[in-house]
Structures are given as C-alpha cells and as structure tokens.
Amino acid sequence: GGWVNSTGLNVSGTTNASINSPTFFVDTTNSRVGIGDTTPAALLTVGSGDLFQVISTGEVRSIAGAVTAPTYSFTGDTNTGVYSASADNLRLVTGGTARITIDSSGLVGINTTSPTQLLSVFSSSETNLANFTTELDNARIIIQTGRSNSAAELNLRTNVSGTTGLIRGTGPTVSSGDADLPDSSLL
7 GGWVNSTGLN VSGTTNASIN SPTFFVDTTN SRVGIGDTTP AALLTVGSGD
57 LFQVISTGEV RSIAGAVTAP TYSFTGDTNT GVYSASADNL RLVTGGTARI
107 TIDSSGLVGI NTTSPTQLLS VFSSSETNLA NFTTELDNAR IIIQTGRSNS
157 AAELNLRTNV SGTTGLIRGT GPTVSSGDAD LPDSSLL
C-alpha cells in the first residue's frame with residue numbers, strides 16, 4: 007500500500023496512482039509518469055498525447071512544431087526558436103520566419119527553406135550577401151578544390167597597403183599569379 011509522511015507522498019505497490027487525474031499520473035506497471043497524460047508513452051510524458059517525452063536513455067523528444075510556433079521557443083518571444091519542418095530537417099526561426107534550414111542531405115540554407123548547394127544564401131532585398139571583417143593584416147577568403155590534381159582557387163584579399171588581390175590560381179587550367187586591382191574595380 008501507500009503511505010504519507012511529513013516529507014511528502016510515497017506510493018508503493020502495483021496499483022497505478024494519480025493526483026487530480028490527469029494532472030499527475032504514475033503508471034507503476036511500466037514505470038512511467040504522466041503530467042497531463044494518463045497513458046504516458048515514455049519514462050516522463052508531459053501533455054495529453056505525449057507531446058513532450060523523456061525516455062529511459064535520457065533522450066528528450068517533442069512535437070515537430072511550426073514556423074510560427076517553434077518547438078523550442080522563449081517565454082515572451084514564442085515565434086523565435088527551433089523546429090522540425092519535416093523528417094530529418096531542422097529550422098531556426100526569428101519573428102515567425104525561417105532564417106536557417108538544414109535539410110536531410112546536410113545542405114544549409116540562409117533565408118531559403120530549399121537549399122540546393124552545401125550553402126545556399128538568398129536575399130530579395132540586400133545587395134551584399136556577406137560581409138567578412140577582421141582586425142588582422144592580410145586576411146583572406148579562400149575557395150579552393152580539395153582534389154589533389156587541381157589546385158585552382160579564388161583568393162580575395164586586402165593587405166595593409168591597400169592592395170587588393172582578386173584572383174590567384176594554380177593548376178592545369180588556370181595560370182598562376184595574382185591580379186591586383188584598384189579598390190574601385192571591385193564596385
């Protein structure tokens with residue numbers, strides 16, 4: 007049977023227990039607890055229909071959510087957070103709008119929910135898609151192949167003297183060397 011002592015409620019035995027059912031329910035047969043759920047599907051279930059679960063391995067599971075009501079959001083800012091748009095897809099949301107998507111292939115989209123490349127960036131209003139700033143001298147952005155028989159690369163750089171290098175390439179189809187351009191030619 008069960009008993010109550012000065013430190014709280016203790017339940018023992020094989021009979022399920024509830025307090026103000028379905029507010030708090032203990033399934034003693036399956037060792038599960040439900041809050042707002044009388045048929046918990048996991049070690050801990052919150053919400054009717056098993057909306058939030060903690061399983062015996064400690065993993066947390068929840069509903070998929072939606073762009074305007076992300077699964078994980080913030081008190082006072084409920085349309086900003088993270089949700090799953092579909093199986094194996096993850097989205098980060100601000101202001102009820104999907105901002106970053108990672109799809110099931112590992113493609114990442116910024117301001118697009120349908121990335122087509124490893125990184126897809128979309129803007130319908132910004133003219134500058136990216137801005138990289140550093141306080142270091144001779145900072146570079148390098149895009150290069152990973153193939154051993156090709157060393158072609160695009161290397162944009164500005165050094166402290168104001169020299170801007172636009173293209174440097176080596177390899178079988180691109181001649182080696184730098185093309186230095188005055189800053190105005192980059193506009």
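In the numbering used here, the protein residues as written are 7 to 193.
Every residue, glycine too, gets a C-beta built ideally from N, C-alpha and C.
The structure presented is a predicted model; accordingly, all values stated were derived computationally and were not measured.
- Item | Between the CA atoms of residue 40 and residue 110 - distance to the nearest angstrom | Answer to the nearest angstrom: the Cα atoms are 32 angstroms apart.
- Query: Just reading off the beta strand (DSSP E) that residue 96 is part of, what are its end residues?
  - Reply: 96-100 is the extent of the beta strand (DSSP E) around residue 96.
- Message: Could you tell me the alpha carbon to alpha carbon distance between residue 112 and residue 124, rounded to whole angstroms?
- Response: One C-alpha to the other measures close to 7 angstroms.
- Neighbourhood of residue 98 by C-beta, 6 angstroms cutoff - its chain only, sequence neighbours within 5 removed: The beta carbon of residue 98 is closer than 6 angstroms to those of 88, 105 and 106 in its chain, skipping five residues each way along the sequence.
- Query: Helix, strand or coil: which one does DSSP assign to residue 138?
  - Reply: In this structure, residue 138 counts as coil in the three-state DSSP scheme.
- Query: Under a three-way DSSP split, which group does residue 37 fall into?
  - Reply: When DSSP states are grouped into helix, strand and coil, residue 37 belongs to the coil group.
- Going by alpha carbons, who is nearest to residue 60 out of 71, 44, 38 and 79? The shortest Cα separation from residue 60 among 71, 44, 38 and 79 belongs to 38.
- Looking at the unbroken beta strand (DSSP E) that takes in residue 50, where does it start and where does it end? Note, residue 50: beta strand (DSSP E), 50-52.
- Exposed or buried, which one is residue 35 when buried takes at least 16 other CB atoms within 10 Å? With fewer than 16 other Cβ atoms within 10 Å, it is exposed.
- Task: Return helix, strand or coil for residue 23, following the three-state DSSP convention.
- Result: Strand.
- Query: For residue 115, is the classification buried or exposed, using 16 other Cβ atoms within 10 angstroms of its Cβ as the cut-off for buried?
  - Reply: Buried, since its Cβ has 16 or more Cβ neighbours within 10 Å.
- Taking just the CA atoms, how far does residue 96 sit from residue 83? Taking the CA atoms as reference points, residue 83 sits about 19 angstroms from residue 96.
- Collapsed DSSP secondary structure at residue 59 in the structure displayed: The three-state reading of DSSP puts residue 59 in strand, counting E and B together.
- Assuming residue 46 contacts residue 31 (C-beta within less than 8 angstroms), just tell me the rounded distance between them. So it is a contact: roughly 7 angstroms between Cβ atoms.
- Task: Ignore the nearest five residues each way along the sequence and tell me which others in residue 197's own chain have a CB closer than 8 angstroms to its CB.
- Result: The shown model of the chain, from 7 to 193, leaves out residue 197, and the question about it has no answer.
- Task: In angstroms with no decimal places, state the Cα-to-Cα distance between residue 66 and residue 100.
- Result: Using only the alpha carbons, I get a separation of about 23 angstroms.
- Message: So, with DSSP's three-state summary, where would you put residue 85?
- Response: Residue 85 carries a strand assignment under DSSP once its states are collapsed to helix, strand and coil.
- Message: How far does the beta strand (DSSP E) with residue 104 in it extend, from its first residue to its last?
- Response: Segment 103-108, the beta strand (DSSP E) holding residue 104.
- Residues bridged to residue 79 by DSSP? In the DSSP assignment, the residues bridged to residue 79 are 87.
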